[in-house]
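Top line first, the protein sequences correspond to chains A and B.
The opening position of the first sequence corresponds to residue 1381 in our numbering, with each subsequent residue numbered one higher.
The opening position of the second sequence corresponds to residue 953 in our numbering, with each subsequent residue numbered one higher.
Note that the Cβ used here is the ideal one computed from N, Cα and C, for glycine as well.
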Amino acid sequence: MLDLLKGIWTVFKHSFRKRETVLFPEEKPNRPPRWRGRIILSRDPDGQERCVACYLCAAACPVDCIALQATQDEHGRRYPAFFRINFSRCIFCGFCEEACPTYAIQLTNDFEMSEYYRPNFVYEKEHLLINGPGKYHDYNFYRVAGISIGGKGKGESENESLPVDIYSLKP
Amino acid sequence: MGEPIRSIIVLAAIFVGVLATAAGLIWLERRLLGLWQDRYGPNRAGPFGSLQVVADMIKIFTKEDWIPPFADKPVFIIAPSIIVVTTILSFAIIPFGPGIQIANLNIGLLFFLAMSSLSVYSVALAGWASDNKYSLLGGLRAAAQMLGYEVFMGLSLTGVIILAGSFNLSDIVNAQRKMWFFIPQFPGFLIFLIAGLAETRRIPFDLPEAENELVAGYHTEYSGMKFGMFFVGEYMGVTLISALIATLFFGGWMGPLLPPPLWMIIKTFVFICFFILIRATLPRLRYDQLISFGWKLMLPLALLNIVVTGAVAIAIN
């Protein structure tokens, strides 16, 4: 009986506690930097698309919500002809971001993605692509990858060394 | 002019007041539960979410009112109205102030006990007419629970009747001029509180509903306003028990400074909030615990209370 009263008193004391609820539309919840929210495609510091259309994100996606088609420009630079994410399927696991070799696909901390019309959840490349480098400000795949592209030969950028002339290695 | 018009005004005020309180409790209960669980509860519609009541009413009135084809149709329809009618009728005997009372019955308390016994029919018939195993189990539980708790509810009030020397609620209130009855009748007050909780089928005695085991118990098959009637009936029951506790043990409308009806309303609301606090605290009892608690502990305590009160009353006189 005394325990009952103690319990009731404990609950009553909660009248004076701070409420835990975050009043959402007025008050945004605290999201850490690595929050997995809306997916974006980023550009490198030169303003070019980072995505090289390697399909690794689509392969890593456990719910198959990513669809893309690779193509090339005149310099041989690969990019996606279309890139489509179906957000009504996406489970925001972040595997695509982990699989991406060029930091192109990134998860942001935006989660307000409600729609009244279901097909609106299918985001095309123009909805996904942003005009910035996202979380990785200085990374440019083609400047560190050591491949020749559009006027830049092999080994001509920073952190790259020129290809070894294998014929110079004679004993 | 005069007497008939005055009684019509009183009747309308109490009727509307009770219905408004029952509707308001939908909101109040959710807000208070929110408060005690460190969250907000409905706070969007209107100031502090108070228009939630209107939204809920619009919703429940426009829902499909479906009667299952296997149900016993007439009984199924009558059952929810019984609980509302009996509870509203019980309010007739409660004095909200000196002379502010619908019926000044000389057997007021007996009338209340009779009405609360009748409300068992509502739940039991609803469970029976639904022709659904969960509803039937809920109805059977309600019947057994009411039977057990009705007995010592009546007995717990006997002490008050001995002290006041009357079944009339106005007389009982007037008899508390010197001392509120919860002091000499503290065991009776506790027993009546527990019986009242069981009577309104609220946590920890909500076994007839028991949503985790019986879907929704006796109102599983009910929808629309028929379900709403059970809901309103439950909230009116809470209001009724709170008003009765205030009347029988806490001096009814008596109090300093403020006008008598206001005192009555304040006291009633304190007990309504206490009922909700109990709901926020306690888990549901097991069925055998509930029944043995009623018959083995509460009934002897109530009888003991009568014996002691009676002996003291005789000794003083």
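Nearest-angstrom Cβ-Cβ length linking residue i and residue j, presumed shorter than 8 Å
i                       : j                       : result
residue 1187 of chain B : residue 977 of chain B  : 4 Å
residue 1042 of chain B : residue 1067 of chain B : 4 Å
residue 1178 of chain B : residue 1017 of chain B : 6 Å
residue 1108 of chain B : residue 1147 of chain B : 6 Å
residue 1419 of chain A : residue 1487 of chain A : 6 Å
residue 1111 of chain B : residue 1137 of chain B : 5 Å
residue 1199 of chain B : residue 1259 of chain B : Not really, about 24 Å apart at Cβ, beyond 8 Å.
residue 1191 of chain B : residue 970 of chain B  : 6 Å
residue 1485 of chain A : residue 1437 of chain A : 5 Å
residue 1254 of chain B : residue 1064 of chain B : Not a contact, Cβ separation roughly 17 Å.
residue 1097 of chain B : residue 1032 of chain B : No, residue 1097 of chain B and residue 1032 of chain B are not in contact; Cβ-Cβ is about 19 Å, not under 8 Å.
residue 982 of chain B  : residue 993 of chain B  : 4 Å
residue 1444 of chain A : residue 1520 of chain A : Contact doesn't hold; Cβ gap of about 30 Å is too wide.
residue 1344 of chain B : residue 1141 of chain B : Residue 1344 of chain B cannot be examined here, being either before or after the span of chain B that is shown, 953 to 1269.
residue 1396 of chain A : residue 1229 of chain B : 14 Å between Cβ atoms; not a contact.
residue 1504 of chain A : residue 1458 of chain A : Not really, about 19 Å apart at Cβ, beyond 8 Å.
residue 1060 of chain B : residue 1119 of chain B : 6 Å
Beta-carbon neighbours of residue i, restricted to chain A and to distances below 8 Å
i                       : result
residue 1232 of chain B : 1391
Within chain A, the residues that residue i reaches when beta carbons sit closer than 9 Å
i                      : result
residue 992 of chain B : 1399, 1401, 1403
Option in the options with minimal Cα separation from residue i
i                       : options                        : result
residue 1020 of chain B : B:964, B:1080, B:1244          : B:1080
residue 1155 of chain B : B:965, B:985, B:962, B:968     : B:985
residue 1454 of chain A : A:1550, A:1529, A:1536         : A:1529
residue 1106 of chain B : B:1136, B:1145, B:1074         : B:1145
residue 1483 of chain A : A:1421, A:1546, A:1388         : A:1421
residue 1204 of chain B : B:1241, B:1229, B:1121         : B:1121
residue 1114 of chain B : B:1165, B:1133, B:1103         : B:1133
residue 1430 of chain A : A:1513, A:1404, A:1531         : A:1513
residue 1010 of chain B : B:1180, B:1140, B:1159, B:1075 : B:1180
residue 1034 of chain B : B:1073, B:1172, B:1026, B:1246 : B:1073
residue 962 of chain B  : B:997, B:994, B:990, B:1056    : B:1056
residue 1480 of chain A : A:1435, A:1442, A:1390         : A:1435
residue 1196 of chain B : B:1169, B:1182, B:1151         : B:1151
residue 1028 of chain B : B:1082, B:973, B:1216          : B:1082
Within chain B, partners of residue i - CB distance below 8 Å
i                       : result
residue 1395 of chain A : 987, 988
Neighbour list for residue i in chain A, Cβ cutoff strictly below 7 Å
i                       : result
residue 1229 of chain B : 1388, 1391, 1392
Opening and closing residue of the alpha helix (DSSP H) in which residue i lies
i                       : result
residue 1116 of chain B : 1085-1116
residue 1063 of chain B : 1060-1081
residue 1126 of chain B : 1121-1126
residue 1014 of chain B : 1004-1014
residue 1505 of chain A : 1505-1508
residue 1221 of chain B : 1212-1233
residue 1545 of chain A : Segment: none, residue 1545 of chain A is in no alpha helix (DSSP H) and carries neither H nor E.
residue 1523 of chain A : 1521-1524
residue 1245 of chain B : Residue 1245 of chain B -> no alpha helix (DSSP H), and no H or E assigned at all.
residue 1194 of chain B : 1176-1201
residue 1393 of chain A : 1382-1393
residue 1262 of chain B : 1251-1268
residue 1209 of chain B : Element bounds for residue 1209 of chain B: n/a, residue is neither H nor E.
residue 1438 of chain A : 1436-1440
Start and end residues, beta strand (DSSP E) containing residue i
i                       : result
residue 1136 of chain B : Premise fails: residue 1136 of chain B is in no beta strand (DSSP E) and is neither H nor E.
residue 1481 of chain A : It is not in any beta strand (DSSP E) - residue 1481 of chain A carries neither H nor E in the DSSP assignment.
residue 1048 of chain B : Per DSSP, residue 1048 of chain B belongs to no beta strand (DSSP E) and is neither H nor E.
residue 1469 of chain A : From DSSP, residue 1469 of chain A is part of no beta strand (DSSP E); its letter is neither H nor E.
residue 966 of chain B  : Counting along the chain, residue 966 of chain B falls outside any beta strand (DSSP E), though it belongs to the alpha helix (DSSP H) covering 955-988.
residue 1031 of chain B : It is not in any beta strand (DSSP E) - residue 1031 of chain B instead sits in the alpha helix (DSSP H) that spans 1025-1042.
residue 1421 of chain A : 1419-1421
residue 1452 of chain A : 1446-1452
Cβ-heavy atom distance, residue i to the ligand HEM, below 7 Å
i                       : result
residue 1242 of chain B : Among the ligands in the structure shown, none appear at all, so the ligand HEM cannot be discussed.
Contact with chain E by residue i, beta-carbon distance below 8 Å
i                       : result
residue 1193 of chain B : The structure shown contains no chain E; the protein chains it does contain are A and B.
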